[in-house]
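Residue numbers for the sequence shown follow the numbering used here, beginning at 2 and rising by one. Each residue gets a CB set at the ideal place from its N, CA and C atoms; glycine is no exception. Okay, structure first, notes after.
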Amino acid sequence: IVKYMVENSLGRLWLERHPNEKLRAEWKYYIEEAEQEPEVAARLAEMRGASPINSPKEIRVIDPCMGSGHVLVYAFDVLYQIYEAEGFHVREIPDLILTHNLYGLDIDDRAGQLAYFALMMKARSANRRFFRQENVPQPMVHSADGDPEISEYGSLVKVSNEEIGERPTMPEELHIDSMSEIINHEREVLGWNYRRLLAQKYDVVVTNPPYMGSGGMGANLVEFVKKNYADTKSDLGISFIDRGFNFIKKHGYLSMITMNSFMFLTSYEKFRKDLIENKNFINMAHLGAKAFEEIGGEVVQTTAFVMQAISMNNYLGTYSRLVDYAGQGIKEEAFLRGDCNFVAKKEGFENIPGYPIVYWATKNLIDSFANSKTLKKLGRVTLGMRTGDNERFLRLWHEVNYTLFYGEATSAHAALNSRAKWFPYNKGGEYRKWYGNTESIVNWHNDGEEIKENTRKAYPQLGDNLGWKITSEDKYFTDGIAWSRISSTNFGVRLCQSNLIFDTNAPMFFPNEIEWLQYIAGFMCCKIAGNILRILNPTLTFQVVDVGNLPIILSDAHKQAVEALASNSFDISKTEWDTFETSWDFQKHPLIPSQKEGE
């Protein structure tokens with residue numbers, strides 16, 4: 002991953018201005034630029050000609066979250082190859098790299114020491130006489146020791162050149178008790194150096210930032226990120242993308258590996274819009290889950306990418322889709338084969354609600370959003386109730402006296418008049434289509450009197466406005482379509498009859514025109530709907546906003562045929578569900594033979 006990032010940013014910067022087949026052959030993870038339209042190619046040539054790099058000594062590379070220096074060490078290797086290709090003497094190259102090219106920052110002092118040591122050893126390995134020189138060049142890597150603000154917020158702090166000022170000077174008069182003054186001076190110099198690097202502009206920024214949601218941040222960091230990175234405040238790693246663009250020169254490159262959440266989640270929609278309109282996607286290695294052998298599970302889903310801080314309309318970016326390969330080695334092999342590559346223009350992302358970065362979407366699928374209505378325009382897509390205390394208010398249907406359980410088709414008015422205490426409750430559950438997962442019941446006696454009172458006590462600020470917790474109460478006991486909000490498998494919906502209350506983990510869709518209910522359910526149960534949802538938000542959660550953005554064409558010509566299929570599928574699913582004792586409509590086990598009449 003480090004090699005991919007460095008070769009496609011630093012290596013690309015040099016090759017675009019100094020083509021060299023030998024160098025290109027040495028960079029195994031370099032992605033060739035897609036063949037561009039003539040007009041785009043002409044603009045690219047003009048842009049690169051306007052920002053020449055005549056010598057390797059002009060290149061500035063920074064890792065603002067350097068850790069122990071993995072990125073900087075490989076950047077050293079690539080720079081060494083570039084210098085050597087330009088005819089520089091091998092003994093002087095390490096000095097030139099440390100003097101002119103590499104910069105590193107980290108808030109952790111021990112990380113700074115390790116990065117410093119790694120670069121010094123790298124220089125020594127390239128020149129056996131490195132330490133015998135009269136003036137040994139020092140790596141330009143700094144930690145935040147001595148600066149309270151930077152020690153807490155690191156490279157997220159934005160600094161202008163005007164704020165830097167002159168380098169702190171040592172007090173003119175020193176005496177036997179001046180040790181504290183000397184120490185303070187050294188700390189001031191460290192902080193000044195850090196800020197000086199924060200204020201500089203760089204040709205290449207390459208880093209693996211820390212991933213941290215707002216729940217893991219301290220109160221001060223939460224407020225700092227909210228104030229300075231409002232569009233990316235949900236995760237520190239995504240805030241570093243925003244910060245990275247502030248580091249680079251106009252035609253420079255930003256390369257990072259982060260969580261892929263910024264590509265899809267609603268909370269980053271404004272940020273994505275800015276990326277699409279004002280930045281350029283050069284290439285991407287979309288890694289997904291299990292990109293690191295030491296990290297299992299599906300939670301850590303990453304992407305590595307290279308971008309520019311300029312916009313180039315109709316540029317064809319190259320995207321390597323590795324999310325379907327399980328394991329680090331398998332992903333690498335697929336990447337090197339190049340058999341999972343897509344080319345896409347960023348302009349296509351603008352046509353999809355929420356601006357998701359869905360480079361693998363076909364033109365026909367993207368066009369469907371322009372030629373169809375979305376579900377949210379045909380009805381209400383909504384979350385359900387949050388009881389506030391499931392242990393108290395929920396049961397399985399067979400845990401209560403059946404006389405207290407009102408399971409027949411009903412309405413809100415009928416439920417109140419029934420005087421029953423427990424009512425069917427749709428809580429989500431496993432992946433299942435058409436019918437089922439109706440095992441829970443909820444205490445909704447007297448229109449949920451106890452739940453509402455408990456909610457008022459827990460959230461007094463709500464007063465009588467309980468809509469945030471008791472969401473869409475007017476749709477309880479209404480025919481609709483439900484799905485499980487969280488699923489590790491496919492998307493599947495279930496037709497729910499009017500005897501249910503629904504949970505926040507079992508959102509529902511209620512059509513404005515009830516006669517289209519089965520038709521819409523048929524669409525939502527088909528593979529096309531699932532494929533589109535994986536484009537709108539390829540995570541483990543089927544959010545209300547994403548389901549609401551599903552495009553659908555209401556066709557009178559196909560309505561009857563679709564409804565027949567939907568009705569038949571519903572009957573089959575219900576019959577299958579009712580053969581198990583967990584269904585409240587269970588009669589007998591299917592393996593028990595039917596009793597003949599008269600026996």
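Rounded C-alpha distance that separates residue i from residue j
i	j	result
Asn-466	Ser-473	12 Å
His-455	Gln-462	A small fix is needed here, since residue 455 is Asn in this sequence, not His. Looking at the two C-alpha atoms, the distance is approximately 13 Å.
Ala-286	Val-206	17 Å
Pro-53	Tyr-5	24 Å
Gly-105	Arg-381	51 Å
Ala-46	Glu-278	21 Å
Tyr-203	His-252	10 Å
Leu-378	Asp-325	One detail in the question is off: residue 378 reads as Lys in this sequence, not Leu. If you take the alpha carbons of Lys-378 and Asp-325, they lie about 33 Å apart.
Thr-233	Phe-241	9 Å
Arg-133	Phe-118	17 Å
Met-386	Glu-392	15 Å
Val-545	Lys-428	15 Å
Asn-550	Asn-185	58 Å
Ile-553	Lys-528	13 Å
Asp-146	Asp-110	7 Å
Pro-357	Arg-273	7 Å
Val-307	Glu-450	56 Å
Asp-448	Ala-231	41 Å
Asn-194	Leu-14	26 Å
Ser-10	Ala-305	12 Å
Closer than 7 Å to chain D by CB, residue i
i	result
Thr-208	Of the chains in the structure shown, none is chain D; there is only one protein chain.
Boundaries of the beta strand (DSSP E) in which residue i is found, first to last residue
i	result
Ala-286	281-289
Trp-484	481-484
Asp-204	203-208
Arg-396	395-397
Asn-21	That residue, Asn-21, is in no beta strand (DSSP E); it is neither H nor E in DSSP.
Asn-402	Taken as a continuous stretch (DSSP letters only), Asn-402 belongs to no beta strand (DSSP E), as it is neither H nor E.
Under the three-state DSSP convention, the category residue i falls into
i	result
Arg-322	strand
Lys-374	strand
Gln-134	coil
Cys-526	helix
Thr-259	strand
Gly-437	coil
Asn-342	strand
Ala-310	coil
Met-625	As shown, the chain starts at 2 and ends at 600. That puts residue 625 outside it, with no answer to give.
Ile-2	coil
Ala-200	helix
Lys-250	strand
Tyr-304	First, the residue type needs correcting, since residue 304 is Thr and not Tyr in the sequence shown. Strand.
Trp-15	helix
Arg-61	coil
Pro-461	helix
Leu-496	strand
Pro-508	coil
Tyr-104	strand
Leu-592	coil
Arg-381	strand
Beta-carbon contacts of residue i that lie in its chain and below 8 Å, excluding the five residues immediately before and after
i	result
Cys-526	Lys-434, Trp-435, Gly-493, Val-494, Ala-567 and Ser-570
Glu-637	A question about residue 637 goes unanswered here, because the residues of the chain that appear run from 2 up to 600.
Leu-323	Ala-286, His-287, Leu-288, Gly-289, Ala-292, Lys-332, Ala-335, Phe-336 and Cys-341
Val-137	Phe-131
Ile-471	Met-386, Arg-387, Gly-449, Ile-452, Lys-453 and Thr-456
Close Cβ partners of residue i (< 7 Å) along its chain, the five nearest in sequence each way excluded
i	result
Phe-77	Ile-98, Leu-103, Leu-120 and Lys-123
Val-359	Phe-350, Ile-353 and Ile-536
Residues near residue i in its chain [Cβ-Cβ closer than 6 Å; skip 5 each side]
i	result
Tyr-154	Phe-225
Enclosing alpha helix (DSSP H) for residue i [first to last residue]
i	result
Asp-579	557-579
Pro-95	94-97
Ser-56	First-last for Ser-56: undefined, no H or E at that position.
Gly-219	Per DSSP, Gly-219 belongs to no alpha helix (DSSP H) and is neither H nor E.
Tyr-604	Since the displayed the chain opens at 2 and closes at 600, residue 604 lies outside it and no answer follows.
Val-546	545-549
Ser-152	149-154
Gly-113	110-127
Asp-146	Careful: Asp-146 lies outside any alpha helix (DSSP H) and carries neither H nor E.
Asn-162	162-165
Asn-427	Here Asn-427 belongs to no alpha helix (DSSP H); instead the beta strand (DSSP E) covers 423-427.
beta-carbon residue i near the ligand COA non-hydrogen atom, thresh 6 Å
i	result
Trp-445	Of the ligands one can find in the structure shown there are none, so the ligand COA has no counterpart to examine.
Is the segment 268-276 close to the segment 214-229, with three or more CB pairs under 8 Å?
-> no
Given 8 Å, three or more beta-carbon pairs between the segment 49-59 and the segment 125-138 | no
Inspect the CB distances between the segment 302-320 and the segment 396-405 and report whether three or more fall short of 8 Å.
-> no
How do the segment 500-514 and the segment 470-485 stand: do at least 3 beta-carbon pairs fall below 8 Å, yes or no?
-> yes
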